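J.: Chains A and B, in that order, are what the protein sequence lines are.
Here the numbering used here = 1-based position in the first sequence + 160.
Here the numbering used here = 1-based position in the second sequence + 160.
2 protein chains.
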Amino acid sequence: MKAKRITIQDIADRSGYSKTAVSFAFNSPSRISKEAVEKILRTAKELDYIPDPMARNFSIGRHMALGFLMPQRIEHSLMNPYMQAVIRSVAGVCQEHGYMLTLIPPLHSSVTEAVKNATVDGLITMGLTIDRSIHGILQRRHLPFVSIDGSGESSISTVSIDEELAAETQMRKVLEKGHRKIAVITLPDDAYAGSERSSDTIISRRKAGYSRALADYSMTLDDLMIASCEATIGDGMRTAEKMLDSFTPTCFVTMSDAAALGVLRLLAKRHKEEISAVGFDGIEDDGFPSYGLATIVQSARKKGAESASLLFSMIEGESGVQHITVPFSFREGRTLKENKWK
Amino acid sequence: MKAKRITIQDIADRSGYSKTAVSFAFNSPSRISKEAVEKILRTAKELDYIPDPMARNFSIGRHMALGFLMPQRIEHSLMNPYMQAVIRSVAGVCQEHGYMLTLIPPLHSSVTEAVKNATVDGLITMGLTIDRSIHGILQRRHLPFVSIDGSGESSISTVSIDEELAAETQMRKVLEKGHRKIAVITLPDDAYAGSERSSDTIISRRKAGYSRALADYSMTLDDLMIASCEATIGDGMRTAEKMLDSFTPTCFVTMSDAAALGVLRLLAKRHKEEISAVGFDGIEDDGFPSYGLATIVQSARKKGAESASLLFSMIEGESGVQHITVPFSFREGRTLKENKWK
DNA sequence: CTGTTAGCGCGTTCAA
DNA sequence: TTGAACGCGCTAACAG
Numbered sequence: 161m162k163a164k165r166i167t168i169q170d171i172a173d174r175s176g177y178s179k180t181a182v183s184f185a186f187n188s189p190s191r192i193s194k195e196a197v198e199k200i201l202r203t204a205k206e207l208d209y210i211p212d213p214m215a216r217n218f219s220i221g222r223h224m225a226l227g228f229l230m231p232q233r234i235e236h237s238l239m240n241p242y243m244q245a246v247i248r249s250v251a252g253v254c255q256e257h258g259y260m261l262t263l264i265p266p267l268h269s270s271v272t273e274a275v276k277n278a279t280v281d282g283l284i285t286m287g288l289t290i291d292r293s294i295h296g297i298l299q300r301r302h303l304p305f306v307s308i309d310g311s312g313e314s315s316i317s318t319v320s321i322d323e324e325l326a327a328e329t330q331m332r333k334v335l336e337k338g339h340r341k342i343a344v345i346t347l348p349d350d351a352y353a354g355s356e357r358s359s360d361t362i363i364s365r366r367k368a369g370y371s372r373a374l375a376d377y378s379m380t381l382d383d384l385m386i387a388s389c390e391a392t393i394g395d396g397m398r399t400a401e402k403m404l405d406s407f408t409p410t411c412f413v414t415m416s417d418a419a420a421l422g423v424l425r426l427l428a429k430r431h432k433e434e435i436s437a438v439g440f441d442g443i444e445d446d447g448f449p450s451y452g453l454a455t456i457v458q459s460a461r462k463k464g465a466e467s468a469s470l471l472f473s474m475i476e477g478e479s480g481v482q483h484i485t486v487p488f489s490f491r492e493g494r495t496l497k498e499n500k501w502k
Numbered sequence: 161m162k163a164k165r166i167t168i169q170d171i172a173d174r175s176g177y178s179k180t181a182v183s184f185a186f187n188s189p190s191r192i193s194k195e196a197v198e199k200i201l202r203t204a205k206e207l208d209y210i211p212d213p214m215a216r217n218f219s220i221g222r223h224m225a226l227g228f229l230m231p232q233r234i235e236h237s238l239m240n241p242y243m244q245a246v247i248r249s250v251a252g253v254c255q256e257h258g259y260m261l262t263l264i265p266p267l268h269s270s271v272t273e274a275v276k277n278a279t280v281d282g283l284i285t286m287g288l289t290i291d292r293s294i295h296g297i298l299q300r301r302h303l304p305f306v307s308i309d310g311s312g313e314s315s316i317s318t319v320s321i322d323e324e325l326a327a328e329t330q331m332r333k334v335l336e337k338g339h340r341k342i343a344v345i346t347l348p349d350d351a352y353a354g355s356e357r358s359s360d361t362i363i364s365r366r367k368a369g370y371s372r373a374l375a376d377y378s379m380t381l382d383d384l385m386i387a388s389c390e391a392t393i394g395d396g397m398r399t400a401e402k403m404l405d406s407f408t409p410t411c412f413v414t415m416s417d418a419a420a421l422g423v424l425r426l427l428a429k430r431h432k433e434e435i436s437a438v439g440f441d442g443i444e445d446d447g448f449p450s451y452g453l454a455t456i457v458q459s460a461r462k463k464g465a466e467s468a469s470l471l472f473s474m475i476e477g478e479s480g481v482q483h484i485t486v487p488f489s490f491r492e493g494r495t496l497k498e499n500k501w502k
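1) Among B:285, B:462 and B:241, which has the Cα closest to the Cα of residue 248 (chain A)?
2) Please return the same chain residues whose Cβ sits closer than 6 Å to the Cβ of residue 468 (chain A), not counting the five positions on each side in sequence.
3) Using a Cβ-Cβ cut-off of 8 Å, state whether residue 217 (chain B) counts as contacting chain A.
4) Are residue 455 (chain B) and residue 491 (chain B) touching if we call contact CB-CB under 8 Å?
5) Please confirm whether residue 471 (chain B) has its beta-carbon closer than 8 Å to some beta-carbon of chain A.
6) Less than 8 Å between the beta carbons of residue 346 (chain B) and residue 363 (chain B), yes or no?
7) Which one of A:212, A:220, A:200 and A:294 has the shortest CA to CA distance from residue 210 (chain B)?
8) To the nearest angstrom, how far is it from the Cα of residue 478 (chain B) to the Cα of residue 470 (chain B)?
9) Given residue 461 (chain B), which residues of its chain have a CB within under 6 Å of its CB, disregarding the five upstream and five downstream residues?
10) Just list the beta strand (DSSP E) runs in the stretch 291–371 of chain B, keeping only unbroken ones of 3 residues or longer that don't cross its boundaries, in chain order.
11) With a threshold of 16 other CB atoms inside 10 Å of the CB of residue 194 (chain B), please say whether the residue is buried or exposed.
12) Against chain A, which members of the stretch 234–257 of chain B pass a CB distance test of less than 8 Å?
13) If you reduce the DSSP assignment to three classes, tell me which class residue 458 (chain A) lands in.
14) Which of the three DSSP states is assigned to residue 441 (chain B) in this structure?
15) Helix, strand or coil: how does DSSP classify residue 431 (chain B) here?
16) Residues of the stretch 257–272 of chain B in Cβ contact with chain A at a cutoff of 8 Å, in chain order, please.
17) My assumption, with CB atoms under 8 Å, is that residue 307 (chain A) sits in contact with residue 317 (chain A). Please give the rounded CB distance.
18) For residue 424 (chain B), which of helix, strand or coil comes out of DSSP?
19) For the ligand COA, is there any heavy atom lying closer than 7 Å to the beta carbon of residue 314 (chain A)?
20) Let me confirm a value: residue 429 (chain B) is counted as buried when at least 16 other C-beta atoms fall within 10 Å, else exposed. Which label applies?
21) So with Cβ pairs under 8 Å, would you call residue 276 (chain A) a contact of chain B?
22) Please determine if the stretch 327–346 of chain B and the stretch 437–444 of chain B are in contact, where contact requires at least 3 C-beta pairs separated by less than 8 Å.
23) Can you check which of these residues, B:375, B:394, B:404 and B:372, is closest to residue 386 (chain B) by C-alpha distance?
24) Hey, is residue 279 (chain B)'s beta-carbon within less than 8 Å of any beta-carbon in chain A?
25) Nearest-angstrom Cα distance between residue 177 (chain A) and residue 181 (chain B)?
26) May I ask you to report which of helix, strand or coil DSSP gives residue 411 (chain A)?
27) Assuming contact is defined by CB atoms lying nearer than 8 Å, are residue 262 (chain B) and residue 225 (chain A) in contact in what I supplied?
28) CB residue 393 (chain A) to CB residue 422 (chain A), shorter than 8 Å?
29) Taking a Cβ distance cut-off of 8 Å, strictly less, list which residues of the stretch 280–313 of chain A are near chain B, in chain order.
30) By alpha-carbon positions, which one of B:221, B:219, B:218 and B:243 ends up nearest to residue 572 (chain B)?
31) Suppose the cutoff is 6 Å on Cβ atoms and the five residues either side in sequence are ignored; what does the same chain contact list for residue 445 (chain A) look like?
32) My assumption, with CB atoms under 8 Å, is that residue 331 (chain B) sits in contact with residue 373 (chain B). Please give the rounded CB distance.
33) Taking residue 266 (chain B) as the reference, which of A:256, A:389, A:265 and A:287 has the closest Cα?
34) Give the residues of chain A in contact with residue 225 (chain B), contact being defined as C-beta atoms less than 8 Å apart.
35) Does the beta-carbon distance from residue 453 (chain A) to residue 337 (chain A) come in below 8 Å?
36) Which class does residue 282 (chain A) belong to by DSSP, given the choice of helix, strand or coil?
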C-alpha cells in the first residue's frame, strides 16, 4: 500500500537506457545524444519523476542549506529585532545562491548536539562564544563557520564591529551630555557565551570600552548601576521597571536597541520622559518605526551579507578564515538629552 | 590531502566488531552485550567519531527539519511582523520536537522548484494559494503540508480564521463609527496566489466580508478607494502617502497591522492624526510597542503552533488532512475614532 | 542472546 | 553509453 516513489531506475527501465544515462540527461545533457536526452526527459515527465533531493544531496555531498545557530530558546532569539535583521540579510544571500536557510535551535537543550546533527553546508552564529567542544565538532565535521559578534578566537571567521571602541563611543556621548547617574543594561550573559565561561565575550569587551570612557571622568563601572536583559522590547521594559525601584538614573545606556525601546516605553508610561536612553544596534533603518533613538548604528544588513558571502566562499574553498570588521557610527537622536540636574 | 572523515567502518575496524555492532551500540545498545557497547563507544570517543547526519537521515528517511515556504523574496517576507510571529511559533514547536526549521525561498524564482528540492519532512506556508502544480509535487513527494491563511482546497490541511467574518467585523466597526470615506489597503495579490490565479484568495474572501458589511449601509466596494501593499511598515507608509495624493479618507482600513502602523506613522508625519486607521492581525501582543491600534486580533502564536503540531502528527501518520479554524476578536483601540465630519 | 553478512536507499561518477 | 562502485549508516536475515 505504500506508494512507491518513482526513482531514476524506473526511468531507466521505461526508457530503455541506463541509470547513468538518465542521470546525465538531467545533469550533463551534453554527455549523451540529443535523442537519448529527449526520450529520457519525456519518459521522466510521463512518470512525473522528481529526483529525491535527499539522495541527490547525499551523492553530491551538499545540503544546499546554510544554518543559523540559535544560542537559546528559539522563540526568544527570534524576538530580538537585530537578530531578525541579520537573519533577513543572511537569508537574502542564501536565496541568491539557491540555498535554503535552516534555523538551528539547541537540540535537547544542547548547542553541541545541534551542531553535530545540523544538516547544512556551513554555520553562522551570532553573539555566541564558541567553546572548545563546539569548535572541535566543527573541525571534525569540516563545517565552515562564521561567528557574528563572537569571540576573538583567531581560528574561526568573525564578522563584527570594534565592540570596545563602539561602547566607548556610546558611553562617551552620554558622559559628554553631563550624565553621571547612569544605568547600564547589558545583554544576558548566558546568551553570549558557550558552555565554557569565557572572559572574552561581547559583554566584557563592551564593558572595557565603557571603562575607558569612564576613566576620563574619574569614574569606573562600579559607579554605575548594571543589569542585564534580553534584547527584546518586553524584557527591556521589565528590566527598566525593576531598576527604577532602587535607583533613578539620568540616563539609561543599553547594549541593544530593543532594550532601549523597552526602556523608553516604560519611561513614557511612568511619565519620566526627562530621563535619557541610548541604544546599541541601529535597528530602525529597516522601516522600523522611528523613535529618534540615540544609538550606536551597525548595519545588520552588512553584517549578515558579509557573513553569508564569506561562508559561501569558504564552502567553495575559495577562502579561509577571515576576520571582517564592519563600520559603526553614532546617531544623535532625541532620546539623549543634556543632563540638567547635575 | 582531503582529511578523511571518521566513519562507522573505522570504529568497526579499530574495535574489532562489525559495522552492525557499532550501529547497534549507538542506536540499540540492548541489542548487543554490555562490554561490546562499552568498547565500541570508547573507541568511538577515541576517534572523535561523529555520525554523518546526512547519511543517517538518508538511511532513516527523515530530514529532521520542517520547511517554511516563503512566497516571495525572502527579505520581503521576513519584514512582515505577523509572519515573523508565526515563524517564531512554528520554530518553537520544532524545537520541542528536536527539529530544525528551514526557511525555503523560491528557487531560481520558482516556488515549484523550491518545493521539489526542499529537504524537509513537511511544509508550512502562509497566505500562499497552492496551485495544481505545487499540489502535484507535494503529492508525488508524499510531503505533508499545512497552509496557513491559504486557499480553501479541501485536499490540503489549513489553519485559519473565518476571514470573511473577520473582515466583515472589521468593516462594520468602521461603519458604525460613522465613516463613509474609507480607504482600503489590501495585501499584495501576487504574494497570496500561486502561479495560477485563483479567485479564492485571502483577499477575495476578505473583500466578500467587506461587501457584506457595506451592504447594510447601502454601499459597495466601489464606494471605497482600494490599494494594495506589502504587510510591512515601510510599504504601508508609501502606500498611504500615495493614496492621500488623490483622496482624503476619514479612515484607513488595512489588511495587516504592519500596513496600518505605516499609515499611522505617515499620518503623524503629516499631522493628520484625526484620520482613523484599523489594522488586521493583532501583532502587538508579543512585546511589540503599543500604539493602541484598533485591529482584528488573531493569535500568530496559536496559528503557528496549531500548524506545526498538525504537521508533526501528519508526518507521524497520526493525522490526515484537517481544517482548523482559530478564533479572532476585535480590539477597540485609540486609532479608530468617531467620524465627526460626516 | 550476541554478533555478522549482506543489502538497502538513490543519485552520481569512475573506469571501461 | 553503461555496469559497477560509491557515500554512510541502518536493518532484515541469518549463524553461532
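Note that beta-carbon positions come from the ideal geometry of N, C-alpha and C, so glycine has one too.
The model shown is predicted, which means the values in this text are computed figures rather than measured ones.
T.: Reading it off the structure:
1) The candidate whose alpha carbon is nearest that of residue 248 (chain A) is B:241.
2) Cβ neighbours of residue 468 (chain A) within its own chain (closer than 6 Å, five residues either side excluded): 250 and 253.
3) By this cut-off, residue 217 (chain B) is an interface position.
4) Note that the C-beta distance between residue 455 (chain B) and residue 491 (chain B) is below 8 Å.
5) Not a single C-beta of chain A is nearer than 8 Å to the C-beta of residue 471 (chain B).
6) Cβ distance < 8 Å, so residue 346 (chain B) and residue 363 (chain B) count as in contact.
7) Ranking A:212, A:220, A:200 and A:294 by Cα distance to residue 210 (chain B) puts A:294 first.
8) Distance between the alpha carbons of residue 478 (chain B) and residue 470 (chain B): 9 Å.
9) If you ignore the 5 residues before and after residue 461 (chain B), its C-beta comes within less than 6 Å of the C-beta of 249, all in its own chain and listed in chain order.
10) The beta strand (DSSP E) runs of length 3 or more contained entirely in the stretch 291–371 of chain B are, from start to end of the chain, 305–308, 317–320 and 342–346.
11) Classification of residue 194 (chain B): exposed, given that the 10 Å Cβ count is below 16.
12) Residues of the stretch 234–257 of chain B with a C-beta atom less than 8 Å from some C-beta of chain A are 234, 235, 238, 239, 244, 247, 248, 249, 251, 252, 254 and 255, listed in chain order.
13) Reduced to three states, the DSSP call for residue 458 (chain A) is strand.
14) Strand, per DSSP.
15) Secondary structure at residue 431 (chain B): coil, using DSSP grouped into helix, strand and coil.
16) Only 258, 260, 261, 262, 263, 264, 265, 266, 267 and 268 from the stretch 257–272 of chain B bring a Cβ to less than 8 Å from some Cβ of chain A.
17) Rounded to the nearest angstrom, the Cβ distance from residue 307 (chain A) to residue 317 (chain A) is 7 Å, consistent with a contact under 8 Å.
18) In the structure shown, residue 424 (chain B) sits in a helix (DSSP, three-state: H, G or I).
19) For the structure depicted, the ligand COA is absent and the ligand set is empty, with no information on it obtainable.
20) Exposed.
21) Chain B, which has a Cβ nearer than 8 Å to the Cβ of residue 276 (chain A), makes this yes.
22) Counting Cβ pairs under 8 Å, three or more are found: they touch.
23) Cα-wise, what sits closest to residue 386 (chain B) is B:404.
24) Yes - at least one Cβ of chain A is within 8 Å of the one on residue 279 (chain B).
25) Rounded to whole angstroms, residue 177 (chain A) to residue 181 (chain B) spans 39 Å at the Cα level.
26) Looking at residue 411 (chain A) - three-state DSSP - the assignment turns out to be strand.
27) Against a cut-off of 8 Å, the Cβ pair of residue 225 (chain A) and residue 262 (chain B) comes out as a contact.
28) A Cβ-Cβ contact shorter than 8 Å links residue 393 (chain A) with residue 422 (chain A).
29) If the cut-off is 8 Å between Cβ atoms, the stretch 280–313 of chain A has 296, 297, 300, 301 and 302 near chain B.
30) It is not possible to answer for residue 572 (chain B), since the shown part of chain B is limited to 161 through 502.
31) For residue 445 (chain A), the pLDDT reaches just 49, beneath the cut-off of 50, and the residue's location in the model is therefore unreliable, although a value from the coordinates is still provided. Answer for residue 445 (chain A): no residue qualifies.
32) Right, the Cβ-Cβ distance comes to about 4 Å (below 8 Å), so this counts as a contact.
33) Residue A:256 is the option with its Cα nearest to residue 266 (chain B).
34) Within chain A, the residues near residue 225 (chain B) are 262 and 279.
35) No. Outside cutoff.
36) Under the three-state reduction of DSSP, residue 282 (chain A) is assigned to strand.
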